[in-house]
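Structure, as structure tokens:
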Amino acid sequence: MPGRSRRRLLLLLLAAFLVLAAASVLLVFHGYLLSGLMVLLASLGLLAVLVAVLLLPSLRFVFSR
Numbered sequence: 107m108p109g110r111s112r113r114r115l116l117l118l119l120l121a122a123f124l125v126l127a128a129a130s131v132l133l134v135f136h137g138y139l140l141s142g143l144m145v146l147l148a149s150l151g152l153l154a155v156l157v158a159v160l161l162l163p164s165l166r167f168v169f170s171r
């Protein structure tokens, strides 16, 4: 079932984003500013992938016209 696997992928990406965002906050809170910013950058990249996966079906519909 494609819808079910897509939902699982979205949940996995969202969970990974939340874990990376929490790790970033903890690193910055404990004084590791540069490491925290790098992890935050990675989590933002993961968020971009999440948004792309969400928008892919609608973009495919727009460009098919």
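The numbers in the numbering used here rise by one with no breaks, and the one at position 61 of the sequence shown is 167. Ideal Cβ positions, reconstructed from N, Cα and C, are used throughout, including at glycine.
To the nearest whole angstrom, what separates the beta carbons of LEU120 and LEU162, a pair I think is in contact under 8 Å?
Between LEU162 and LEU120 the Cβ distance is about 16 Å, and since that is not below 8 Å, they are no contact.
When the Cα atoms are used, what is the spatial distance from LEU153 to SER130?
The straight-line gap separating the alpha-carbon atoms of LEU153 and SER130 is approximately 14 Å.
Relative to the ligand PLP, is the shortest distance from any of its heavy atoms to the C-beta of LEU124 smaller than 6 Å?
Because no ligand of any kind appears in the structure shown, any question about the ligand PLP cannot be addressed here.
What does the Cβ neighbour count give for VAL159, buried or exposed, with the cut at 16 atoms within 10 Å?
VAL159 is exposed by the Cβ-count criterion.
In whole angstroms, what is the alpha-carbon distance linking LEU117 and VAL145?
Answer to the nearest angstrom: the Cα atoms are 20 Å apart.
Are the Cβ atoms of ALA127 and SER141 separated by less than 7 Å?
Contact: no.
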